[in-house]
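Residue numbers (my numbering), protein chains in the order written: chain A, 1 to 410; chain B, 1001 to 1230.
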């Protein structure tokens, strides 16, 4: 018996009960769809991590204030103002593994220029900040040492800010008002694109930290000498751990934290931050994987169930085919082919739906989708495997019938 | 060498503590080209005999040879092959697959012998033509009358050009007139050299045969030659 005849025979049998066949494949459809969506989301998350690390540098370390505790209730991250300029200077002087360090304060501001109005974020930074965070000047120049030291009213614009206020005009040398204070635009940064959560990384402006304290941060915050965070570049990616330990030791000493007490600051490297942020996506991927596994299992059992029903219903047909000369193996192959066709068509529909779902998920902010054509192969193999595994027992049962008894059944 | 040779053949069934002797100690030979009617009341063992001759069931004791091959020694695959190539079956209830056209029903045995599609279709059409259903190839069984369905079944039985045709009450579900047509068709086939073994309990139907085997309670009680034919 030729495989083409097997397939034709099986297809005819399945077409006799179209609704039943479609319903039977549903589990496999969902299972394979999940495999496709899962692969696309997983690949997207991986790519995003790699890209993020490339973009921000693998030897970046951030120091954040610890979470304050007020009457036993955690106030959340950065609620404490535990970091000061003195800490930054202390690390800069003492630490051996630190290549560059910059403290920063950020604030939401209103920028007005050329009759346009834009709400964005301004960070007061120290020398080295732009380099540590892999910002590249596209137009104009960086903030000079003198401007940092004297707290000049100069600003470097992120690409989106420049685009929104100045359109395609050259903004260098223009004056913009940040919270009504005039600043001179001295540089525009190269675009970085989107960060996590679809946030526009280029919607940022940078001024000298001293200027930020004196003019923009508000009297209390500005005078106090507190900073919001430190960005540190380790001398190399290999000494990241040593750098973190060194920074921690210096800060503990400066903050006079007793041995055994907890840090009042948090040290994060980029890899950790990225991992934390991709946890949601991992959870989602895991969820899809379990949906896939459960659906495939349930779908497989569904196929087995229907195939057992089919074999029972068609006992007389089996008897007749045996009388006409079908060997046991041919009967087994016939029913196995039916279950594999069922599961394979379910798999194929599932692949289509999976791609459809991926496109749909692309609209959600924090999910990045990279379609994985290789997953098609996986889904097809898996669905075929399900058909074989769960179709074998019913097919085997059919093949064990004796022609006389099968023919005699009603 | 006789086409069919039974030697002390018995077939017992066990139901609980009881043993039913469906066939007991049957010895007979059938030569190639014979037209045999097996008659007897229901429960006399004639269907059991037919199943054994058709290689669909095995005997409990005794020996059965078909064309000199001892059937008991053969594997189930080999028996399937014999059913496919040397035996044709016709049943009382036709046993056509309802979702297949007349042509595709007729093709079935050729699928299992591995005949290529084009030749299969050619031979199936020829077989249908021989039973007078040339224009009905693409009809489904439900679109055919009882007599036409039985003709399709005969075409299917003959499509592999077997030497032996086993017909189990072939006219049982048909009216007298249609039954006569089917019997004439079987007689034609017999004249063409095919051995026909027929089960019936109707005397008129048995009269088409040239030899009559009468069974009662699992035993062969008379084996007589019939002189005349209708």
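Positions of the beta carbon are idealized from the N, C-alpha and C atoms, including for glycine.
Computed from a predicted structure; not experimentally measured.
CB contact below 8 Å: residue i versus chain B
{"i": "residue 311 (chain A)", "result": "no"}
{"i": "residue 344 (chain A)", "result": "no"}
{"i": "residue 397 (chain A)", "result": "no"}
{"i": "residue 12 (chain A)", "result": "yes"}
{"i": "residue 382 (chain A)", "result": "no"}
{"i": "residue 282 (chain A)", "result": "no"}
{"i": "residue 320 (chain A)", "result": "yes"}
{"i": "residue 317 (chain A)", "result": "yes"}
{"i": "residue 404 (chain A)", "result": "yes"}
{"i": "residue 391 (chain A)", "result": "no"}
{"i": "residue 328 (chain A)", "result": "yes"}
{"i": "residue 324 (chain A)", "result": "yes"}
{"i": "residue 54 (chain A)", "result": "no"}
{"i": "residue 5 (chain A)", "result": "yes"}
Nearest-angstrom Cα separation, counted from residue j out to residue i
{"i": "residue 1141 (chain B)", "j": "residue 1107 (chain B)", "result": "14 Å"}
{"i": "residue 1096 (chain B)", "j": "residue 1171 (chain B)", "result": "15 Å"}
{"i": "residue 124 (chain A)", "j": "residue 210 (chain A)", "result": "7 Å"}
{"i": "residue 1181 (chain B)", "j": "residue 1042 (chain B)", "result": "25 Å"}
{"i": "residue 1100 (chain B)", "j": "residue 1044 (chain B)", "result": "35 Å"}
{"i": "residue 1208 (chain B)", "j": "residue 1187 (chain B)", "result": "7 Å"}
{"i": "residue 208 (chain A)", "j": "residue 147 (chain A)", "result": "7 Å"}
{"i": "residue 322 (chain A)", "j": "residue 299 (chain A)", "result": "30 Å"}
{"i": "residue 77 (chain A)", "j": "residue 115 (chain A)", "result": "Caution is warranted here: a pLDDT of 47 is assigned to residue 77 (chain A), below 50, making its placement in the model unreliable, and the coordinate value is therefore given only provisionally. Distance between the alpha carbons of residue 77 (chain A) and residue 115 (chain A): 38 Å."}
{"i": "residue 1053 (chain B)", "j": "residue 1150 (chain B)", "result": "21 Å"}
{"i": "residue 393 (chain A)", "j": "residue 308 (chain A)", "result": "8 Å"}
{"i": "residue 316 (chain A)", "j": "residue 1193 (chain B)", "result": "31 Å"}
{"i": "residue 176 (chain A)", "j": "residue 132 (chain A)", "result": "26 Å"}
{"i": "residue 303 (chain A)", "j": "residue 1212 (chain B)", "result": "51 Å"}
{"i": "residue 183 (chain A)", "j": "residue 103 (chain A)", "result": "21 Å"}
{"i": "residue 166 (chain A)", "j": "residue 51 (chain A)", "result": "29 Å"}
{"i": "residue 331 (chain A)", "j": "residue 53 (chain A)", "result": "58 Å"}
{"i": "residue 1013 (chain B)", "j": "residue 1219 (chain B)", "result": "15 Å"}
{"i": "residue 257 (chain A)", "j": "residue 86 (chain A)", "result": "16 Å"}
{"i": "residue 98 (chain A)", "j": "residue 236 (chain A)", "result": "9 Å"}
{"i": "residue 1202 (chain B)", "j": "residue 19 (chain A)", "result": "45 Å"}
{"i": "residue 284 (chain A)", "j": "residue 367 (chain A)", "result": "10 Å"}
Coil, strand or helix - residue i by DSSP
{"i": "residue 1057 (chain B)", "result": "coil"}
{"i": "residue 1013 (chain B)", "result": "strand"}
{"i": "residue 368 (chain A)", "result": "coil"}
{"i": "residue 1143 (chain B)", "result": "helix"}
{"i": "residue 409 (chain A)", "result": "coil"}
{"i": "residue 1064 (chain B)", "result": "strand"}
{"i": "residue 1121 (chain B)", "result": "helix"}
{"i": "residue 155 (chain A)", "result": "strand"}
{"i": "residue 181 (chain A)", "result": "strand"}
{"i": "residue 78 (chain A)", "result": "Because residue 78 (chain A) carries a pLDDT of 49, less than 50, the predicted location of this residue cannot be relied on, and no value is offered for it."}
{"i": "residue 1040 (chain B)", "result": "coil"}
{"i": "residue 1161 (chain B)", "result": "coil"}
{"i": "residue 1018 (chain B)", "result": "strand"}
{"i": "residue 15 (chain A)", "result": "helix"}
{"i": "residue 30 (chain A)", "result": "helix"}
{"i": "residue 362 (chain A)", "result": "helix"}
{"i": "residue 1099 (chain B)", "result": "coil"}
Neighbour flag for residue i against chain A, beta carbons, 8 Å
{"i": "residue 1014 (chain B)", "result": "no"}
{"i": "residue 1138 (chain B)", "result": "no"}
{"i": "residue 1095 (chain B)", "result": "yes"}
{"i": "residue 1141 (chain B)", "result": "no"}
{"i": "residue 1215 (chain B)", "result": "no"}
{"i": "residue 1035 (chain B)", "result": "no"}
9 Å Cβ cut-off: residues of chain E touching residue i
{"i": "residue 1099 (chain B)", "result": "Among the chains of the structure shown, chain E does not appear; the protein chains present are A and B."}
Residue i beta carbon near the ligand GTP (any heavy atom closer than 7 Å)
{"i": "residue 254 (chain A)", "result": "Among the components modelled here there is no ligand, and therefore nothing to report on the ligand GTP."}
Exercise. Whole beta strand (DSSP E) runs in the region 210 to 255 of chain A with 3 or more residues, listed along the chain?
Worked result: 229 to 234
Exercise. Along the region 1061 to 1084 of chain B, what residues have a CB closer than 7 Å to any CB found in chain A?
Worked result: 1076, 1077, 1080, 1081, 1083, 1084
For this session: Output, in sequence order along the chain, the residues in the region 1039 to 1057 of chain B whose CB is closer than 8 Å to any CB in chain A.
Result: 1051, 1054, 1056, 1057
Exercise. Looking at chain A, which residues of the region 1106 to 1135 of chain B have a Cβ within less than 7 Å of any of its Cβ atoms?
Worked result: 1108, 1109, 1111, 1112, 1113, 1114
Exercise. Taking the runs of the beta strand (DSSP E) that are 3 residues or longer, which of them lie wholly in the region 71 to 141 of chain A?
Worked result: 98 to 113, 116 to 125, 137 to 140
For this session: Please specify which runs of the alpha helix (DSSP H), each continuous and at least 4 residues long, are wholly inside the region 259 to 336 of chain A, giving them in chain order.
Result: List check, alpha helix (DSSP H) in window: 270 to 313, 315 to 323.
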